[in-house]
Amino acid sequence: MEKVFIRAKEVSEALQVSDQKSYKIIRDMNKDLKSKGFLVVKGRVDKKYFYDQFYGTRM
């Protein structure tokens, strides 16, 4: 089964940014999702949403 969420470590590797920056990115994305009525998990973000936001498609 494929993972649904992406964690800060994976975000930092994908974007080549620090762990601190990746946590901020996740917080900002979760804030956006929450404002749209979605439930969020602290420290993780939906994998599909992450790739859609950064690349316009899932990689």
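For the sequence shown, the working numbering gives the first residue as 55, with consecutive numbering after it. The beta carbon of each residue, even a glycine, is placed where N, CA and C say it ideally should be. Keep in mind it's a predicted model, so treat the numbers as computed, not measured.
- Residue state for VAL65 is assigned as helix, using DSSP reduced to three classes.
- Between PHE104 and ILE60 a beta carbon distance of about 5 Å is seen, short of the 8 Å cut, so the two are scored as contacting.
- Secondary structure of PHE104 (DSSP, three-state): helix.
- As the crow flies, the alpha-carbon of GLU67 is around 25 Å from that of LEU93.
- Looking at the DSSP output, PHE59 sits in a beta bridge with ASP100.
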